[in-house]
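Some notes on the structure that comes next.
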Amino acid sequence: MASGTTTSLPVRGSFGQTMRADNWWVQPVLVALGLGVAVLYLNVAAFLGEYYAFGNYLSPLYSPEIFGDTPHALFGPKPSIWPEWLPWSPAFLILWAPAGFRLTCYYYRGAYYKAFLADPPNCSVGEPRQSYLGVWWKPTTWNEQSFPLIMQNLHRYFLYLALLFIALLSYDAWHALWFIDPATGEETLGLGVGTLVLTLNVILLGGYTLGCHSLRHLVGGGLDVLFDKPVRRTAHACVGCLNKRHMLFAWMSLYWVCFTDLYVRMLSMGIWTDWRIF
Amino acid sequence: MATATLEIWRGDATGGEFKEYTTELTEGMVVLDAIHQVQAEQAHDLAVRWNCKAGKCGSCSAEVNGQPKLMCMTRMGDLPTDRPITVEPMKAFPLVKDLVTDVSWNDEVKKRIKPFKPRPPDFEDGSWEMHQSDIDRVQEFRKCIECYLCQDVCHVLREHHMHDEFIGPRFLVYNAALEMHPLDTEDRREDLRKSQGIGLCNITKCCTTVCPEGITITDNAIIPLKERVVDQAYDPVRKLIQLVTGR
Ligand code: SF4
Ligand code: SF4
Ligand code: FES
Ligand code: FES
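Chains as they are written, first to last, in our numbering: chain P, 1 to 278; chain W, 1001 to 1247.
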């Protein structure tokens, strides 16, 4: 507090203390559940390491399949140098990139700081800890200007990777239009429910990625004068438009990516059948 | 006659308590009207700060049912009357008396922010060329009425009392208004990072939720500033490019 003030600040509230009359705890609990369920599913699906492809469909959790046993694999089967004792799944090679992108996303940061660190549990609700000093060996006092959370500032690097993934997943959606005719062995154009599932997946992931705050900054937000740069001005406006719905796309794309994996998985396990529209 | 029960915080920095007052409700009444009515009829020494009664001066900030609000813009009719309505002073500033807090810390903070520094005029008559599309962005920030409700709700100030390290959302908005101004040539990024604590904001958006002017504080001011700070201090590739090109 500035020197010269004779009165002192009000006493801090204790954890959960508030005069709010509404059910303020519902939102953080829903976020914690929503994130918890998705992260659990994604982990299980990644560790399974099988049933991730069905014909021309490839689960987005396994794309690109750098090494693996399906025809989608870019460089053949699991490399022999992979240590025996280390669990293997083609998803391990790639999933860190989208995971890092979401973990450092401005929307998710705010959401999980509230839901998991209770910092704060919700607006104008007392916190469990007073300290916010950022000592790295005390994970209860982290803030974004000291290690480890200062690393959140690298979000834009994950963005670059995420943009690459959008291109790869778009290719997968395109590939999902081409079915092998079992009689002739030839590729023919077709449309299955799986094609739609994979296409919607790229659209939602695109909506999320292209609404990123770092992208908004990079395409034009970092400049003060844009009137003489029509391309950047338009790009800034477009990203800004998606950015307004960033939270919505964050949730829709997170759950749709899980569902897309589930869909391909169920087909591959023979539990569901893929309806062909043509 | 319909009535409402108000629980109003009475006291000063040494202590206090909620006191209950029942007062008559009239059509279109706002919380500030009810407080004035209580002051006129039952508690002449009740301290409350106000000025415009139109949501424009930013004086009547308080916490109504635990939510930071302008009392003059909060309708009694929108609050549940089946239980008492609580009215308290803001929590992030020292209490003077009853509903009045000492917000002078904010004035001190403002003085620390580097002022507007325009480029030399574009024309001989001393004027500049600016385009509306470039000024739209900062115009949002100029709507601020300095009610300090965002400062009040921000947990870095409210819960962690880091007034020495963190300037709060209001002054991040102020920084953004200057920093993104098409004519401004000053660089405030180093200050933002080092002495103004932009890294302490954990983007939990409570400030945006309470702003009576509807300023998108977190998304449009704080995060874009954080990105500019990344440019200046945390982006290794950009640093390298700067080293090589000297720009
Ligand atoms: S978003 Fe940042 S400035 Fe706004 S209330 Fe949260 S921590 Fe404070
Ligand atoms: S930014 Fe909004 S909440 Fe904060 S002081 Fe200005 S008007 Fe009030
Ligand atoms: S801010 Fe959410 S993805 Fe970049
Ligand atoms: S009295 Fe001016 S804003 Fe409420």
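Ideal Cβ positions, reconstructed from N, Cα and C, are used throughout, including at glycine.
Asked                                                                                                                               : Found
Cβ of Pro120 (chain P) within 8 Å of any chain W Cβ                                                                                 : yes
Contact with chain W by Met1 (chain P), beta-carbon distance below 8 Å                                                              : Interpretation of Met1 (chain P) is limited by its pLDDT of 48, a score under 50 that renders its predicted location unreliable; no figure is taken from the coordinates.
Under the three-state DSSP convention, the category Thr7 (chain P) falls into                                                       : The predicted model places Thr7 (chain P) with a pLDDT of 47, which falls under 50 and marks its position as unreliable; any figure quoted below should be read in that light. In this structure, Thr7 (chain P) counts as coil in the three-state DSSP scheme.
Rounded separation between Asp261 (chain P) and Ser59 (chain P) - CA only                                                           : 5 Å
Within chain W, partners of Ser214 (chain P) - CB distance below 7 Å                                                                : Glu1227
Coil, strand or helix - Gly1066 (chain W) by DSSP                                                                                   : coil
Local conformation of Met1 (chain P) per DSSP, three classes                                                                        : Low local confidence applies: a pLDDT of 48 at Met1 (chain P) is under 50, so the model's placement there is unreliable, and no value is given.
Below 7 Å from a heavy atom of ligand 4 - residues by beta-carbon                                                                   : W:Leu1032, W:Trp1050, W:Asn1051, W:Cys1052, W:Lys1053, W:Ala1054, W:Gly1055, W:Lys1056, W:Cys1057, W:Gly1058, W:Ser1059, W:Cys1060, W:Leu1070, W:Met1071, W:Cys1072, W:Met1073, W:Ile1145 and W:Cys1147
Nearest-angstrom Cα separation, counted from Thr188 (chain P) out to Tyr1234 (chain W)                                              : 49 Å
Neighbouring residues, chain P, relative to Val1103 (chain W) (Cβ below 9 Å)                                                        : Here the premise fails: no neighbours, minimum Cβ distance about 11 Å.
Closer than 7 Å: Ile1008 (chain W) CB and nearest ligand 2 heavy atom                                                               : no
Cβ-Cβ distance between Tyr52 (chain P) and Leu61 (chain P) below 8 Å                                                                : yes
Expected contact under 8 Å - CB spacing of Leu1149 (chain W) and Cys1052 (chain W) to nearest Å                                     : With 8 Å as the limit, Leu1149 (chain W) and Cys1052 (chain W) do not qualify as a contact, their Cβ atoms being about 15 Å apart.
Cβ of Met1269 (chain W) within 8 Å of any chain P Cβ                                                                                : In the structure displayed, chain W extends from 1001 to 1247; residue 1269 (chain W) sits before or after that span and is not available.
Cα-Cα separation, Asp224 (chain P) to His213 (chain P)                                                                              : 16 Å
Length of the line joining the Cα atoms of Leu204 (chain P) and Ala46 (chain P)                                                     : 21 Å
Partners in chain W for Arg233 (chain P), counting only beta-carbon separations shorter than 7 Å                                    : Ser1133
Spatial distance of Thr1218 (chain W) from Met266 (chain P) (CA atoms)                                                              : 41 Å
Local conformation of Tyr1148 (chain W) per DSSP, three classes                                                                     : coil
Those residues which DSSP pairs with Gly1129 (chain W) across a bridge                                                              : According to the sequence shown, residue 1129 (chain W) is Glu rather than Gly. According to DSSP, Glu1129 (chain W) bridges with nothing at all.
Complete alpha helix (DSSP H) runs within the segment 1166 to 1245 of chain W (minimum length 4 residues, chain order)              : 1169 to 1179, 1189 to 1194, 1206 to 1210, 1223 to 1229 and 1236 to 1245
Minimum Cβ-Cβ distance from Thr209 (chain P) to chain W less than 8 Å                                                               : no
Cβ-based neighbour list, Leu93 (chain P), same chain, cut-off 8 Å, excluding 5 preceding and 5 following                            : Ile66 and Phe67
First through last residue of the alpha helix (DSSP H) which encompasses Lys1111 (chain W)                                          : Ser1104 to Arg1112
Three-way DSSP call (helix, strand, coil) for Val125 (chain P) in this model                                                        : coil
Below-8 Å beta-carbon distance, Glu1159 (chain W) vs any chain P residue                                                            : yes
Closer than 8 Å to chain W by CB, Ala21 (chain P)                                                                                   : yes
Buried or exposed (CB count within 10 angstroms, at least 16 for buried), Pro1169 (chain W)                                         : buried
Coil, strand or helix - Leu1095 (chain W) by DSSP                                                                                   : strand
The segment 1094 to 1114 of chain W touching the segment 1012 to 1022 of chain W, judged by at least three CB pairs closer than 8 Å : yes
8 Å contact criterion, which Arg1075 (chain W) and Val1030 (chain W) should meet: CB distance rounded                               : 6 Å
Cβ shell of Phe101 (chain P) (< 6 Å), same chain only, five flanking positions each side left out                                   : Phe158 and Ala162
Which listed residue (P:Phe179, P:Trp85 and P:Pro64) has its alpha carbon closest to that of Gly76 (chain P)                        : P:Pro64
Close-in-space but distant-in-sequence residues of the same chain around Gly1016 (chain W) (CB under 7 Å, 5 per side omitted)       : Trp1009 and Arg1010
Outcome for Phe249 (chain P) when other beta-carbon atoms lying within 10 angstroms are tallied against a minimum of 16             : buried
Beta-carbon spacing of Met1071 (chain W), Ala1062 (chain W) below 8 Å                                                               : yes
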